[in-house]
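**Student:**
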Amino acid sequence: MIRKIDKKTVDEVLRAAYDHCKSETSGKNADYIPFLKNVPSTLFGIAATLPDGTLLTVGDTDYRFGIESVSKVPTALLVMEQYSDREVLHKIGADATGLPFNSIMAILLENDHPSTPLVNAGAIAACSMVKPAGDSTGKWRAIVDFLTALAGSPVEVIDELYRSESDTNFNNRSIAWLLKNYNRIYDQPEMALDLYTRQCSIGVTAAQLATVAATIANGGVNPQTGKRVFRAELTPRIVSLMATVGFYEHTGDWLFQTGLPAKSGVGGGIMGVVPGVMGLASFAPPLDSAGNSVRAQKALAYIARELDLNLFGTTRCMVTTPASAGV
Ligand code: GLN
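Numbering (our numbering), first residue to last: 3 to 329.
Here it is in structure tokens:
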């Protein structure tokens, strides 16, 4: 069954979600990356980008925060675009590990069996695959240009965050070299690690993330710029990865409750994709034990419930433009 709603309804639900969640104070900022510990914990924003490019926002949606693991989504798409989805399945895989995002045990357990580009190991492997091979500057340009095209506006690294991550990423260094040991990294390990660290340190706003999500929801065409960023057939691929591992070891609980494919980052951002319907994002720094923003999860769960966004449900909502509203 299709439920038609208009933009005003989406806007009202976003505002209601904000009011419903603004007093939620549980969770705490990531502190293993020193920069993130000092981001104000009270920041909170929600944004939605609709298929006609309309951006709806409430709260702190212009604040630039570290994209962190949400960056794994664009880079996974980039390598699927540069190679093919089959090649990424073969070289990295699409299986959830059920373990924390930075798990070394997952690599040891599955050394003969690839994992997914949405955990650290797979994301570092994805960075190693980015073309042009062996060219750190060229690879970085490809990553930034791709994210910029998805967002429809420029993004850049937060230098202090990049330094903070580079100074403390010992676990990720081990991951890069362990991947090398198992022939699961496809360029120089240190270069792939640095690209991964830099992409995690890119600053984005919730408004930009909502548009990245909307471009994915829209089959690869950015609804604001009208430009095709990736092949339409990659939308179901990336959405399936988000659905299976977007919240790491809490992914099943999240999907069970919301049916909303989404990806979190330890900077406090979460991006949700409803294919054919809209892109959503929320940002609030305090995290749960798996590294997912508590307030942003609560806000997106509220919106998914109110707007019937559950992908597994029998009712799907469709956002109408004013001319077709109520038809
Ligand atoms: N840069 C972070 C890390 O590698 C990203 C983790 C995350 O957002 N879940 O630890």
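For each residue, glycine too, the CB sits at the ideal point set by N, CA and C.
Output needed for Ser166: all residues of its chain with C-beta closer than 6 angstroms, excluding positions within five of it in sequence on either side, in chain order.
**Tutor:** So the list reads Ile35, Pro36 and Phe37, once near-sequence residues are dropped.
**Student:** Count the other CB atoms, across all protein chains shown, that sit within 10 Å of the CB of Thr77; report buried if there are 16 or more and exposed otherwise.
**Tutor:** With 16 or more Cβ atoms within 10 Å of its Cβ, Thr77 is classed as buried.
**Student:** State the start and end residues of the unbroken alpha helix (DSSP H) segment that holds Met380.
**Tutor:** Here the chain comprises residues numbered 3 to 329, so residue 380 is not present and cannot be evaluated.
**Student:** At a threshold of 7 angstroms, does Gly293 count as lining the ligand GLN (C-beta to nearest heavy atom)?
**Tutor:** Yes, Cβ of Gly293 sits closer than 7 angstroms to a heavy atom of the ligand GLN.
**Student:** Quick one: residues in its chain with C-beta nearer than 7 angstroms to the C-beta of Val15, no 5 flanking neighbours on either side, listed in chain order?
**Tutor:** Taken in chain order, the residues that qualify are Ile305, Glu308 and Leu309.
**Student:** Are the beta-carbon atoms of Glu26 and Arg297 separated by less than 8 angstroms?
**Tutor:** Yes, Cβ-Cβ distance for Glu26 and Arg297 is below 8 angstroms.
**Student:** Do you know whose CA, among Val81, Ser130 and Ser284, lies nearest Phe148's CA?
**Tutor:** Among Val81, Ser130 and Ser284, the Cα nearest to that of Phe148 is on Val81.
**Student:** In whole angstroms, give me the CA-to-CA distance for Thr246 and Ala264.
**Tutor:** Using only the alpha carbons, I get a separation of about 9 angstroms.
**Student:** In terms of residues, what are the limits of the beta strand (DSSP E) holding Gly136?
**Tutor:** Per DSSP, Gly136 belongs to no beta strand (DSSP E) and is neither H nor E.
**Student:** Is Asp330 helix, strand or coil by DSSP?
**Tutor:** This structure cannot settle anything about residue 330, because the visible part of the chain is limited to 3 through 329.
**Student:** Quick one: complete beta strand (DSSP E) runs, 3+ long, within the segment 175 to 216?
**Tutor:** The qualifying runs are 204 to 206.
**Student:** Please confirm whether any heavy atom of the ligand GLN lies closer than 7 angstroms to the CB of Val268.
**Tutor:** Correct: Val268 has its Cβ closer than 7 angstroms to the ligand GLN.
**Student:** Can you give me the C-alpha to C-alpha distance between Ser326 and Ser155, rounded to a whole angstrom?
**Tutor:** Because the pLDDT of Ser326 is 47, which lies under 50, any placement of that residue in the model is unreliable, and the question is left without a value.
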